[in-house]
Amino acid sequence: MISLVTFFLYTGQRLLPSYYQAIQLIGRLYPLQPVYFDICLKGCILFTNSSITVCPVCDKNRYKAQGPRQQPVRQLMVLPVGDQIGLMLYHRQTRDLLLHDYDIRINNSTYKDIFDGSVFGDLVLDGDWTNIYVGIYFDGFTSKDKKSQALGVIHIIIFNIDPTKRYHKTNMLQYAILPGPKLPAKNDMWTYIKPLYKELKTLEDIGLVVKCDDGCSRKVKVHCLMVTGDIPAVSSVAGLLGHSSLFPCRLCTIKKVLPRNSVTNNNNNNNNNNRTRNTRYLPIGHSEEPRTKSDFRRQRPDEANGVSLGTDLANLESCTGPYFFGLDELHLFGHGIAHQLFKLFEGHYNGPNATSDGPNKLSFSTAELDGLKKTLNDSRPSIPTSLKRSFRLPGGAFTVRAVDWKALMCYVYPSVFVP
Numbered sequence: 006m007i008s009l010v011t012f013f014l015y016t017g018q019r020l021l022p023s024y025y026q027a028i029q030l031i032g033r034l035y036p037l038q039p040v041y042f043d044i045c046l047k048g049c050i051l052f053t054n055s056s057i058t059v060c061p062v063c064d065k066n067r068y069k070a071q072g073p074r075q076q077p078v079r080q081l082m083v084l085p086v087g088d089q090i091g092l093m094l095y096h097r098q099t100r101d102l103l104l105h106d107y108d109i110r111i112n113n114s115t116y117k118d119i120f121d122g123s124v125f126g127d128l129v130l131d132g133d134w135t136n137i138y139v140g141i142y143f144d145g146f147t148s149k150d151k152k153s154q155a156l157g158v159i160h161i162i163i164f165n166i167d168p169t170k171r172y173h174k175t176n177m178l179q180y181a182i183l184p185g186p187k188l189p190a191k192n193d194m195w196t197y198i199k200p201l202y203k204e205l206k207t208l209e210d211i212g213l214v215v216k217c218d219d220g221c222s223r224k225v226k227v228h229c230l231m232v233t234g235d236i237p238a239v240s241s242v243a244g245l246l247g248h249s250s251l252f253p254c255r256l257c258t259i260k261k262v263l264p265r266n267s268v269t270n271n272n273n274n275n276n277n278n279n280r281t282r283n284t285r286y287l288p289i290g291h292s293e294e295p296r297t298k299s300d301f302r303r304q305r306p307d308e309a310n311g312v313s314l315g316t317d318l319a320n321l322e323s324c325t326g327p328y329f330f331g332l333d334e335l336h337l338f339g340h341g342i343a344h345q346l347f348k349l350f351e352g353h354y355n356g357p358n359a360t361s362d363g364p365n366k367l368s369f370s371t372a373e374l375d376g377l378k379k380t381l382n383d384s385r386p387s388i389p390t391s392l393k394r395s396f397r398l399p400g401g402a403f404t405v406r407a408v409d410w411k412a413l414m415c416y417v418y419p420s421v422f423v424p
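Read the sequence shown against the working numbering and you will find it ends at 424, with the numbers running on by one and no gaps.
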């Protein structure tokens, strides 16, 4: 630090600003005022009603002490979507990025972007307003203490920005971090979504007017084209029971069935060797009618249809049905297909009569798998550092990320395992 200050003094440059000056400068460049909402001490719910003073899930108090000035035990900080987009429109550089860089054209023959899909095509837009299109991403993650702290993030992508620049850190918006220590249950996720829904509904119906740095006022409406995340997150946000229920699909109401030759578990028999798994599957060659928008609206639980409580987000005009709720390909390919392939190699999917060289054997032997693991570990020092992945097989929970699983599937499985 002393050498840095000396450099500035001897070169005649201005000294670095003080901490106070730095904070003031950040406030001038990013003049957003966060909004705070009372939440449960354990993160169970966001309090949506001023009359609720006790968490209905864990019975923790909302306020520290009763009295004329009630101080909440815990609050969630939110950066409003409208304020963040308004700030981007105010500055010329980010305004040009939003309004001019990316020419939105519908391509009916090739699906290249979200604007080629039915959700955007079904929108009825007001031509007198500038339209901004966003996507909401929900995801969960863990802190350094992985077992006790589960966090959630609500992230916003602006689709008006060119796809080559859309996912740069400076061009994405952070709405909120759900602080944990546990994520809300499916039936309580709507409490965290409600403030976001209210703001999106206002931006969709009323819009906002921004007086920009060039002196011009611009009228803008914001439309949410998609809500996505991994499978558990999307189930919670969409108000569905999820992939482990009898009606697991978010697109239709197809029902899981037992295999024809299956035997149910015998709970009265303590001998594990005599019990068989009661696993259900989706029937082959069977289809159901797709879900409609009304299936996702807030309602009473409907277990016979795979719905827990529905979601307020289904009341947005931009929500046209089940395709409004997407799935994140990172988790589908990483924690999905790549996981299953590794289980295939380990022998989880071997047939009931598998032998060392029989047709029902789909896996490697223990010695073969150990040899492949050693080959992978020996090759790690020669892997270019530009490939920022771990390139290691899982040694336990939380040791391999979804992006690492994808790297294994794209590079390691074809070159090391398959030949």
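Backbone N, C-alpha and C fix where the C-beta goes; we use that ideal spot for every residue, glycine too.
When DSSP builds the beta bridges, which residues end up paired with residue i?
{"i": "Thr371", "result": "According to DSSP, which records beta bridges pairwise, Thr371 is partnered with nothing at all."}
{"i": "Gly145", "result": "Gly157"}
{"i": "Asn136", "result": "Lys226"}
{"i": "Val215", "result": "Arg223"}
{"i": "Ala181", "result": "Val83 and Ile159"}
{"i": "Cys254", "result": "Answer by DSSP bridge pairing: none, since Cys254 is not bridged."}
{"i": "Met231", "result": "Gly140"}
{"i": "Val262", "result": "Tyr286"}
{"i": "Phe42", "result": "Leu81"}
{"i": "Asp118", "result": "For Asp118, which the question treats as bridged, DSSP gives no partner whatsoever."}
{"i": "Phe330", "result": "Val232"}
Tell me which residues share the same chain as residue i and place their Cβ nearer than 6 Å to its Cβ, disregarding the 5 neighbours each side in the sequence.
{"i": "Phe369", "result": "Phe350"}
{"i": "Ile44", "result": "Leu51, Arg79 and Leu81"}
{"i": "Asn278", "result": "With a pLDDT of 42 at Asn278, under the threshold of 50, the modelled position of that residue is not reliable, and the figure given next carries that caveat. Excluding positions up to five away in sequence, the list is empty."}
{"i": "Val158", "result": "Asp144 and Ile182"}
{"i": "Ile236", "result": "His248"}
{"i": "Leu335", "result": "Ala407"}
Within a Cβ cutoff of 8 Å, which residues of the same chain sit near residue i, ignoring the five residues on either side of it in sequence?
{"i": "Ser123", "result": "Thr325 and Tyr328"}
{"i": "Lys199", "result": "Leu51, Thr53 and Asp317"}
{"i": "Val344", "result": "Here residue 344 is His; the residue named in the question, Val, does not match the sequence. Closer than 8 Å at Cβ, skipping near neighbours: Trp410."}
{"i": "Val214", "result": "Ser222, Arg223, Lys224 and Val225"}
{"i": "Cys257", "result": "Ser292, Glu293, Glu294, Pro295, Arg296 and Pro327"}
{"i": "Phe125", "result": "Ile111, Ile119, Tyr138 and Leu230"}
Nearest to residue i by CA position, among the options, is which residue?
{"i": "Val225", "options": "Lys216, Met231 and Thr233", "result": "Lys216"}
{"i": "Leu251", "options": "Met93, Lys174, Tyr416 and Val312", "result": "Val312"}
{"i": "Val239", "options": "Phe330, Glu322, Val59 and His160", "result": "Phe330"}
{"i": "Asn136", "options": "Ile159, Phe120 and Gly145", "result": "Phe120"}
{"i": "His5", "options": "Met194, Asp167 and Leu201", "result": "Here the chain comprises residues numbered 6 to 424, so residue 5 is not present and cannot be evaluated."}
{"i": "Val86", "options": "Glu209, Leu346, Cys49 and Tyr15", "result": "Glu209"}
{"i": "Thr233", "options": "Thr99, Lys379 and Val139", "result": "Val139"}
{"i": "Gly290", "options": "Cys49, Val421, Arg74 and Ile259", "result": "Ile259"}
{"i": "Pro184", "options": "Leu103, Asn382, His340 and Leu46", "result": "Leu46"}
{"i": "Gly352", "options": "Glu373, Gly126 and Phe164", "result": "Glu373"}
{"i": "Met93", "options": "Val59, Asn66 and Leu34", "result": "Leu34"}
{"i": "Tyr142", "options": "Ile162, Val40 and Thr11", "result": "Ile162"}
{"i": "Lys206", "options": "Leu188, Asn355 and Val227", "result": "Val227"}
{"i": "Phe42", "options": "Gly315, Asp383 and Gln76", "result": "Gln76"}
Going by DSSP in three states, residue i sits in which element: helix, strand or coil?
{"i": "Arg33", "result": "helix"}
{"i": "Ala412", "result": "helix"}
{"i": "Leu381", "result": "helix"}
{"i": "Leu245", "result": "strand"}
{"i": "Asp317", "result": "helix"}
{"i": "Pro419", "result": "helix"}
{"i": "Val312", "result": "strand"}
{"i": "Asp193", "result": "helix"}
{"i": "Phe164", "result": "coil"}
{"i": "Ala295", "result": "First, the residue type needs correcting, since residue 295 is Pro and not Ala in the sequence shown. Looking at Pro295 - three-state DSSP - the assignment turns out to be strand."}
{"i": "Asp307", "result": "strand"}
{"i": "Tyr24", "result": "helix"}
{"i": "His96", "result": "coil"}
{"i": "Pro2", "result": "Because the chain in this structure spans residues 6 to 424, residue 2 falls outside the shown range and cannot be described."}
{"i": "Arg171", "result": "helix"}
{"i": "Tyr354", "result": "coil"}
{"i": "Ser123", "result": "helix"}
{"i": "Ile342", "result": "helix"}
{"i": "Ser323", "result": "coil"}
{"i": "Gly48", "result": "coil"}
{"i": "Asn275", "result": "Interpretation of Asn275 is limited by its pLDDT of 47, a score under 50 that renders its predicted location unreliable; no figure is taken from the coordinates."}
{"i": "Val239", "result": "helix"}
{"i": "Pro186", "result": "coil"}
{"i": "Thr207", "result": "helix"}
{"i": "Thr11", "result": "helix"}
{"i": "Asp300", "result": "helix"}
Once the 5 residues before and after residue i are set aside, which same chain residues still bring their CB inside 7 Å of it?
{"i": "Asp218", "result": "Tyr95, His96 and Arg97"}
{"i": "Leu245", "result": "Arg255, Gly311, Val312 and Ser313"}
{"i": "Met194", "result": "Ser241 and Val242"}
{"i": "Ile342", "result": "Met414"}
{"i": "Asn276", "result": "Caution applies to Asn276, whose pLDDT of 45 falls short of 50 and renders its modelled position unreliable; the value that the coordinates give is listed next. None."}
Next item on the list: Go through the region 52-93 residue by residue and report every complete run of the beta strand (DSSP E) that reaches 3 residues or more, in order.
Entry: Scanning the region 52-93 for uninterrupted beta strand (DSSP E) segments of 3 residues or longer gives 80-83, listed from N- to C-terminal end.
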